[in-house]
């Protein structure tokens with residue numbers, strides 16, 4: 005393993021040079037990633053292809069997988085990340101795509117097309133570098149042997165065997181627990197897409213909707229909202245002392261009594277902005293499922309006869325109103341935002357913070373003229 | 056003809072590539088990123104980083120200077136919840152930064168030691184051992200059991216195990232013996248001496264540094280029952296090497312040639328002092344005088360008052376005002392109306408950064424003499440320490456002598472509890488040069504006994520924490536080993552030497 009050595013922080017001072025070993029260690033014999041992919045497909049069409057169904061199933065095995073940003077190391081190794089061949093993984097799934105034109109050929113020209121596609125993907129980590137059970141890849145994402153990739157692991161409050169939060173008997177404050185809990189995968193397992201269009205005379209109304217589920221995400225930016233006191237949650241108790249919901253008090257080792265009257269010692273900024281609330285990431289982990297109407301458009305095609313009589317040099321012309329990202333439906337626990345916002349472009353997924361711009365809603369108007 | 060041409064191409068291609076030196080086509084070696092450098096270059100970088108990460112770094116003051124009642128936070132700014140309440144988590148900067156910085160620094164010293172062994176540069180080996188002991192002592196003092204034998208070994212140990220704190224301490228003592236003995240025989244080339252920005256290759260200075268550090272390590276264990284013989288035996292080894300300890304005027308300082316350029320100022324000055332254009336930094340306005348710290352100087356006619364603190368409005372006013380540690384503060388309680396950090400510790404952008412001062416060494420010797428570990432006079436060590444502190448702050452020895460004679464809080468003969476006197480005066484002297492050592496003395500001895508606890512309403516345990524928590528990153532990347540250390544609580548999980 006090799007690491008580079010560069011000038012230490014703030015050097016040079018005048019003519020004084022000083023070097024320090026960098027924090028990344030590289031495998032000089034990095035091998036190329038190898039994927040063996042098997043796929044089987046089946047396509048069928050009915051009624052002169054008015055209905056078509058495309059299906060496929062695949063199985064991919066990848067050896068010597070590489071993580072672009074490296075794996076996280078304990079600082080005690082002398083380094084904070086390593087660029088290595090990480091391990092072996094398996095990826096499998098099925099895909100369906102059904103397209104149909106249920107209504108065509110009506111005398112008034114009304115036409116309806118619809119397409120549904122669905123994919124289910126599941127993957128599994130088979131083995132990791134040096135026989136490790138898990139490796140961190142940054143942003144609370146982990147690769148865990150035997151699990152799907154990547155998994156989200158974050159710290160939680162201390163809980164009793166029934167999963168209720170343990171609070172301090174005197175202060176009513178939840179007790180933090182640095183040991184990470186696995187919340188599941190950050191890539192969606194199911195993706196369902198629907199597109200449809202209605203055409204009547206020269207008007208076409210079309211839409212695209214999508215549903216994704218099976219994954220979680222960590223709304224890191226919500227902890228910043230709590231810190232600043234501008235979140236919905238931070239005002240839920242009216243900034244007064246409150247009994248932490250569904251909490252218990254440990255009266256003797258292993259004995260937990262529901263907390264009915266010990267209120268938190270603070271209910272204002274001292275509770276919501278302190279490190280115990282904002283650093284307990286499990287407060288901000290939620291389902292990343294959503295339904296989105298990704299696009300709606302209404303288009304008008306100018307009749308060719310009309311064009312030919314007025315402006316022969318124009319072959320075709322259309323105008324359309326387009327709206328993108330118009331509606332989003334989320335599970336009730338996600339009171340914050342679009343789960344598709346993500347911190348980076350690396351392998352880590354499902355984590356956001358204040359540094360990303362929220363998704364934009366676009367209203368558009370287009371005019372197309374062909375010569 | 057065609058065939059012939061192909062042959063020609065093939066032959067010339069072989070000749071071409073054959074003529075080039077090996078690796079011509081190897082695009083994986085970046086000539087701009089060295090993978091090996093001379094040990095001397097790493098030494099300079101590592102020594103400067105130690106200064107920036109420990110005594111010159113804000114993390115050595117951001118919480119400890121508050122807990123030790125030197126400084127206090129102002130009104131009009133929110134923050135410091137953890138510092139003011141003592142309630143912190145594994146994600147808090149105190150838990151994470153110290154760990155990350157010290158292990159980062161240790162990797163450089165590990166490299167220095169390995170490379171110097173290969174090249175037979177004994178001076179560098181000894182420096183590496185001394186500085187590793189410096190970093191590891193702090194790691195143990197902050198966290199207790201930490202990775203030691205398997206640390207700094209890259210991917211050879213992806214999950215370094217945690218070694219027992221006391222075992223590490225004992226090994227550090229041995230390493231420092233080895234270092235001191237190497238300093239006795241090492242020859243230093245002029246080039247290597249230039250790379251040593253602490254002592255310019257002065258092996259006698261380094262020997263004293265190693266000995267003083269070992270004395271500090273041994274004194275930490277003063278309260279452990281049945282430990283006196285071990286301490287005495289180890290001190291006998293220090294005495295045997297003949298270097299002695301850091302005396303008046305022999306403190307160790309870092310100065311790579313600090314410049315009045317962004318990022319190149321003295322690190323303590325850069326955080327708590329003034330920017331390149333002379334305007335005060337944000338943190339200078341955030342760290343104001345704490346009442347306990349200021350009252351001790353005001354009540355005892357201590358000339359250090361005007362050196363450790365400014366008058367209100369950053370020295371433009373005429374009165375000294377302080378805030379009680381943890382009190383509620385309003386928008387008017389800022390640097391305009393409260394005293395700030397003084398010019399005795401904020402001297403200039405290019406001030407040499409104290410690593411271990413002569414007065415710290417003399418206080419250590421005073422305590423060791425008082426406990427019977429050293430044969431030198433406890434009183435003269437103690438008085439020399441106070442004098443050295445006065446001189447460091449820009450005062451005179453004569454002023455120190457008057458103070459030592461006239462003031463009951465400083466006079467040797469009028470105090471019956473000499474250890475309490477030494478530690479209280481050590482606490483007063485360390486203001487602005489190292490806030491961690493007084494916190495550590497407090498953990499070890501519960502002295503100064505009247506050290507105030509934060510009065511903030513957010514305090515839920517009325518006790519100064521006895522340690523840092525392991526950083527969250529360890530739970531993320533070295534989970535099995537850190538979890539094996541059990542549940543860690545900052546008020547109850549003490550370091551092995553903290554038995555009082």
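Chains as they are written, first to last, in our numbering: chain H, 5 to 375; chain D, 56 to 555. We put the beta carbon where it would ideally sit given N, CA and C, even for glycine.
Annotation: residue 192 of chain D has no Cβ neighbours in chain H at a cutoff of 7 Å; minimum Cβ distance is about 16 Å.
When DSSP reads this structure, residue 295 of chain H sits in a beta bridge with H/215 and H/333. A Cβ of chain D is located within less than 9 Å of the beta carbon of residue 274 of chain H. Beyond the five residues adjoining it in sequence on each side, residue 489 of chain D comes within less than 6 Å, by CB distance, of 110 in the same chain, given in chain order.
Within the region 72-149 of chain H, complete beta strand (DSSP E) segments of at least 3 residues are found at 85-87, 89-107, 115-132, 138-142 and 145-148, given in chain order. Excluding residues up to 5 positions away in sequence, 103 and 199 lie with their Cβ nearer than 6 Å to the Cβ of residue 119 of chain H in the same chain. The alpha-carbon separation between residue 358 of chain D and residue 297 of chain D amounts to approximately 37 Å. By the Cβ-count criterion, residue 211 of chain D is exposed, with fewer than 16 other Cβ atoms from all chains shown falling within 10 Å of its own Cβ. Chain-ordered listing is empty here: chain H has no CB closer than 7 Å to the CB of residue 227 of chain D, the nearest sitting near 16 Å. Per DSSP, the beta-bridge partners of residue 335 of chain D are D/329.
At a cut-off of 9 Å between beta-carbon atoms, residue 529 of chain D makes contact with chain H. Within the region 177-188 of chain H, contact with chain D at the beta-carbon level (separation under 9 Å) is assigned to 177, 180, 181, 182, 183 and 184. Per DSSP, residue 206 of chain D is not a residue of any beta strand (DSSP E), being assigned neither H nor E.
Close CB contacts of residue 448 of chain D within its chain, under the 6 Å cut and outside five residues either way in sequence, are with 359, 362 and 399 (chain order). Under the Cβ criterion of 9 Å, residue 77 of chain H is counted among the residues facing chain D. Annotation for residue 196 of chain D: the continuous alpha helix (DSSP H) segment containing it runs 177-198.
Per the DSSP secondary-structure output, residue 409 of chain D pairs in a beta bridge with D/308. With 16 or more other Cβ atoms inside 10 Å of its own Cβ, residue 324 of chain D counts as buried. When Cβ-Cβ separations below 9 Å define contact, residue 254 of chain H makes no contact with chain D. Note on residue 264 of chain H: under 16 other CB atoms within 10 angstroms of its CB, so exposed under the neighbour-count rule. Inter-segment contact for the region 303-315 of chain D and the region 407-425 of chain D is present: three or more beta-carbon pairs are separated by less than 8 Å.
Three or more Cβ pairs drawn from the region 505-524 of chain D and the region 141-158 of chain D lie within less than 8 Å of each other, which places the two stretches in contact. Distances from the alpha-carbon of residue 386 of chain D to those of D/340, D/373 and D/418 put D/340 closest. Listed by position along chain D, the residues whose Cβ is nearer than 7 Å to that of residue 17 of chain H are 311, 312, 313, 314 and 319.
Neighbourhood of residue 332 of chain H in chain D, by CB distance below 9 Å: empty, with the nearest CB roughly 31 Å away. Interface residue (Cβ-Cβ distance to chain D less than 9 Å): residue 144 of chain H is classified as such. Residue range 491-500 is occupied by the alpha helix (DSSP H) that includes residue 497 of chain D.
In this structure, the beta-carbon distance from residue 473 of chain D to residue 503 of chain D does not fall below 9 Å.
Taking a beta-carbon distance threshold of 9 Å, residue 147 of chain H does not count as an interface residue toward chain D.
In terms of CA proximity to residue 318 of chain D, D/332 leads the group D/332, D/220 and D/308. The beta carbon of residue 273 of chain D lies closer than 6 Å to those of 286 and 289 in the same chain, with the five residues before and after it left out. Among the bridge pairs identified by DSSP, residue 321 of chain D is matched with none. In the DSSP assignment, residue 457 of chain D falls within the unbroken alpha helix (DSSP H) covering 452-461. Bounds of the alpha helix (DSSP H) holding residue 149 of chain D are 148-174.
For residue 436 of chain D, none of the residues of chain H pass the 7 Å Cβ criterion, the least Cβ distance being about 35 Å. Chain D places a beta carbon closer than 9 Å to that of residue 25 of chain H, counting this residue as a contact.
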